[in-house]
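All letters in the sequence shown, in the order written, are residues -31 to -1, 1 to 317 by mature numbering (1 follows the signal peptide of the UniProt record, and there is no 0).
Working notes, structure below.
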Amino acid sequence: MNSRSRASRRPLAVLAATAAAFSLALTGCVAGEDSSAGAADSTADGGTLNIDFATYNPLSLVIKDQGWLEATLAEQGVDVNWVQSAGSNKANEALRAGAIDVGSTAGSAALLARANGSEIKTISIYSQPEWSALVVGPDSDITSVADLAGKSVAATKGTDPYFFLVQALEEAGLSTSDVTVENLQHADGRTALENGAVDAWAGLDPIMAGAEQAGAKLVYRNLDFNTYGFLNATESFLEEKPELAQAVVNAYEKARAWAAENPEETAQILADVAGLDLEVAKTVILERSNLDVNAVPGDAQRSVLEKIGPTFVETGDVAQQSTIDDAIASLLEDSFAKQADAEAIKES
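This is the structure:
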């Protein structure tokens, strides 16, 4: 196993410094989370696999920690370049820019990206989480979604928490026009909530679990409003290097089994990378993450996407329903997950 390190209302404008510092603390201060600056030269030797890791994708953390891809691809002369994603929107940006070949997003974010022209395919499902909820401060008098009318809510547009907010508002007879949505990255949303700059936050684990431990309240939860964790790859990568795509999916299958057998250590890995107390990480892994989900993209995910799709049209994120329908029809690629072989992955 590889060694690892254990480790009153104010205007939003003045939160930048503290938010940035907080975000770095939560992500382990790893550079390159949303840019191509860290991407290695893919023309040298056998090339480079550029792949993301994210605290909202525990299996990615296990694979990185254990060094399995490096061990498996070394004899092919392939380097592995890990790039951290701070949210689904950042993973989608990196995929579209070609900074990564494979990236982790929520299903809703993958659908939105595909509908807006990003040439990606979902090659595996990495979790079925309850990773989003609506969060308020410990002294807030907000007790229901209806109470959000006229309030400010932090949310990261293009991610599951944002679409969780949209669905929750709709269920309560409201819309995004009834609230002020502050588009902040996930960690910055927590900071804004704790500093009183917003009234509520559409949170994402594991950051949300940390806020909850610090006294924040999950005022609204709904598992059905959370979409699956989608592992996506660019179409060019799948066409040019299908064997590397298969290796990634194989590694995810190995990580799925390893996490099931080692939940405590999986939680410890998450705690280390995200800068969380171990008990908080255990809450995320043991109570709000189903990592033992069927990895093959199929009917279950298609059903969820068909439910969330019309929301994109209503919010103006996608022009028309036919575009959504085309994206759903072309997004899921099940061949790699159907051939997944954990035994093809070497120990480091």
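C-beta: ideal position from N, C-alpha, C; glycine also.
Buried or exposed by the 16-neighbour rule on C-beta atoms within 10 Å, applied to residue i
i	result
Lys307	exposed
Ser258	buried
Ser(-27)	Confidence is the limiting factor: at Ser(-27) the pLDDT is only 38, short of 50, which leaves the residue's position unreliable and the question unanswerable from this model.
Gly127	buried
Gln53	buried
Leu255	exposed
Leu192	exposed
Asn201	buried
Asp291	Here residue 291 is Ser; the residue named in the question, Asp, does not match the sequence. So Ser291 counts as exposed.
Pro279	exposed
Ala125	It is worth fixing the name first, because residue 125 is Thr in this sequence and not Ala. That one is buried.
Gln154	buried
Glu62	buried
Ser146	exposed
Gly56	buried
Thr112	exposed
Asp70	buried
Ala66	exposed
Asp108	exposed
Trp298	Here residue 298 turns out to be Ala, not Trp, going by the sequence shown. Counting Cβ neighbours within 10 Å, Ala298 comes out exposed, since fewer than 16 surround it.
Gly179	buried
Asp157	buried
Lys310	With the sequence shown as reference, residue 310 is identified as Asp, and Lys is not the correct amino acid for it. Answer is exposed; the Cβ neighbour count stays below 16.
Gln182	exposed
Thr252	buried
Glu208	exposed
Glu151	buried
Gly244	buried
Glu275	exposed
Ala296	buried
Glu222	buried
Assigned secondary structure, residue i (DSSP; H/G/I helix, E/B strand, else coil)
i	result
Ile297	helix
Val249	helix
Asp129	helix
Asn50	strand
Val282	helix
Lys276	helix
Leu143	coil
Glu312	helix
Leu187	strand
Val287	coil
Val135	helix
Asn164	coil
Asp303	coil
Ala57	The amino acid occupying residue 57 in the given sequence is Ser; Ala does not appear at that position. Of the three classes helix, strand and coil, the one that applies to Ser57 here is helix, per DSSP.
residue 327	The displayed coordinates of the chain run from -31 to 317. Any statement about residue 327 would go beyond what the structure contains.
Ser77	helix
Gly15	coil
Gln154	coil
Ser317	coil
heavy atom of the ligand COA below 8 Å from residue i C-beta
i	result
Asp310	By its list of ligands, the structure shown contains no ligand whatsoever, and the ligand COA lies outside what it can speak to.
Residue i - partner residues in DSSP beta bridges
i	result
Ala171	Leu103
Ile20	Trp51, Val71
Thr149	Ser121
Asn26	Ala23
- [ ] Let me know the alpha helix (DSSP H) ranges lying completely inside the region 83 to 126, each 4 residues or longer, listed in chain order.
- [x] none
- Query: Could you give the uninterrupted runs of the alpha helix (DSSP H) lying entirely in the region 196 to 272, keeping only those of 4 residues or more?
  - Reply: 204 to 209, 211 to 230, 232 to 243, 247 to 251
Handout entry: the region 74 to 84 touching the region 137 to 144, judged by at least three CB pairs closer than 8 Å
Key = no
Contact the region 233 to 241 vs the region 41 to 50: 3+ CB pairs below 8 Å: no
Taking 8 Å as the threshold, find out whether the region 205 to 218 comes into contact with the region 96 to 111 through three or more Cβ pairs. Touching, no.
### Task
Would you check if the region 268 to 286 and the region 167 to 178 touch, i.e. whether three or more CB-CB distances between them fall below 8 Å?
no
Any contact between the region 118 to 135 and the region 100 to 110? By contact I mean 3 or more CB pairs, one from each, below 8 Å.
yes
(message) Closer than 8 Å is the cut-off here; do at least three beta carbon pairs connect the region 181 to 198 with the region 289 to 305?
(response) no
### Message
Three Cβ pairs or more, each shorter than 8 Å: is that satisfied between the region 19 to 32 and the region 77 to 97?
### Response
yes
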